[in-house]
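Residue numbering for the sequence shown follows our numbering, beginning at 837 and increasing consecutively. Below is one structure; the comments refer to it alone.
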Amino acid sequence: MGEWQDARRATQRSSGLDRPRLERAGFEAPLGRPQQPAPPMASVLEDPVLIRPLRGHGAAVTGVAFSASAAELATSSLDRCLMIWKLKKQCRAYKFVGHTDAVTSVNFSPEGQLLASSSQDRTVRLWIPCIHGESSVLKGHTASVRSVSFSHDGHFLVSASNDKSVKIWSVQRRRLLFSLFQHTHWVRCAKFSPDGRLIASCSEDKSVKIWDTINKTCIDSLIDYEGFPNFADFNPSGTCIASAGSNHTVKLWDIRMNKLLQHYKVHRAEVNCVSFHPSGNYLITASTDGTLKILDLLEGRLIYTLHGHKVLLWKTNFDSFDYKEVLKHHIRRIQTDDPPHLLDIYPRSPHLHDEKLQSVEVNPIFDVADTLTVDPPVVEISPSPSSGTSDDVSNEDLQYPSASVLATSSKRKSENESESAVHNVGKKIGISPSLGNALENIVEQLDVLTLTVSILEQRLTMTEDKLKECLENQQKNLPQERQEE
């Protein structure tokens, strides 16, 4: 939700641009002919406006995430680093070093006191976003981890990996809880529903799967035959899922009726990411074609195209409404609604949407005078034990609690909750301390067994791929052998 609360968004893929444009689609004069006066544009107060670019990574940016207060932005990159940018004041930026391979995604916890990252080094890291750079490494995947995301209560993490699995982790205990196996190809993304009862995952097996977190089973599968989904996420009410496709499309599904509601084809290249406005009425998409698109889901049409490159910070007019009550309503949902009436949700868009619909194009090179804002100084932080505060870091930058305080507080909270849980269970069913310790050992052995199964699955996958390659080569060679005979 932070992406929209202060109405800011960042571009997630690098792309060049041929020439600047700010115009309504369909009114561009052909090259070589004099241009006719363009129709009146939407006012500056209505159109999205570029605030400033953020420069500091040494390679392509793979993910962005706002803190709950929208005062900070975290970014991940192929340069193996995370960065945290202060947005409301011109403070220094922080670069966190720890992963040994490209960082694929990043996500703030709901309270903003933790930061999760996934990497091609097969690990998930939990960071305390302060100058000490403390992090916990979560190991369990046997291939590159593509995405990581917190549950809305901040108690759990879900990760998706090229090992074809989805894994759920306990944030407080820093350990693997369970894994979900049913995808038959790399899993690109996994997200919790707003109420935490469901998980949506998308894979290169061309499916979006819906999982029940209580029963740990797949309860539905949305098949996309035209291409595989790169990204999927729930709308704020948890009733719909938007998917971003490798075939340049964006699709909106109603998970209560297992029905495709809307199908947009407004990009010229694969779509990498989507994000809902907290009201659920707008959807922003990011593509390899170097643009962001803002879709009006109630009207069923494209309303803005934002051109840019690298990481750009935008401000929109969507925060002119008070969505606090809407957010409270979404968060308090405890059960799935009945299937809606056909006119209840997104009623005006039963057909495929193409690029001919009228929309406003916004180009930062043309419309923003100052795109050369001085970049903030970058402080590089490596993982290390707790240490004293650096002298060159201003008090203004230290708005996070110290790492030791957060770690101690989290540990005490976890211990108190564990003791309380054991005490309550002991009261109810009379479990002795020795039996409790035995159960703990069993759980640890199950974790080892889960990791072993993951390794075996990876080996089986390699064997399947090799067998498939052999069969393909055999089919290619058969016609040649027959001709020779």
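Even glycine gets a Cβ: it sits at the ideal position worked out from N, Cα and C.
Item, Value
"Contact between the segment 1047-1055 and the segment 1063-1072 (3+ Cβ pairs under 8 Å)", "no"
"For residue 1318, the three-state DSSP class (helix, strand or coil)", "helix"
"Local conformation of residue 1278 per DSSP, three classes", "helix"
"According to DSSP, residues forming a beta bridge with residue 1323", "The first residue shown for the chain is 837 and the last is 1321, placing residue 1323 beyond what the model contains."
"The segment 955-963 / the segment 935-945 touching (three or more Cβ pairs under 8 Å)", "yes"
"Distance CB(residue 973)-CB(residue 1035) smaller than 8 Å", "no"
"Spatial distance of residue 1107 from residue 1084 (CA atoms)", "5 Å"
"Selected residue, minimal CA-CA separation from residue 987, among 1080, 1000, 950 and 969", "950"
"C-alpha gap between residue 1152 and residue 1269, whole angstroms", "57 Å"
"Beta-carbon proximity of residue 1060 to residue 1087, cut-off 8 Å", "yes"
"Range of the contiguous beta strand (DSSP E) that encloses residue 1098", "1095-1100"
"With 16 other Cβ atoms within 10 Å as the buried cut-off, status of residue 1129", "buried"
"Pairwise C-alpha distance: residue 1081 and residue 1218", "36 Å"
"DSSP state of residue 1288 mapped onto helix, strand, coil", "helix"
"Of the listed residues 917, 1144, 1279 and 1030, nearest to residue 1009 (C-alpha basis)", "1279"
"Distance CB(residue 1012)-CB(residue 976) smaller than 8 Å", "yes"
"Neighbourhood of residue 894 by C-beta distance below 6 Å, restricted to the same chain and skipping five residues each side", "915"
"Where residue 1272 falls, given that 16 or more other Cβ within 10 Å makes a residue buried", "exposed"
"Paired residues, beta bridge with residue 1069 - DSSP", "1078"
"Buried versus exposed call for residue 924 [16 or more other C-beta atoms within 10 Å across all chains shown]", "exposed"
"Residue 1306 burial status per 10 Å Cβ neighbour count (16 or more: buried)", "exposed"
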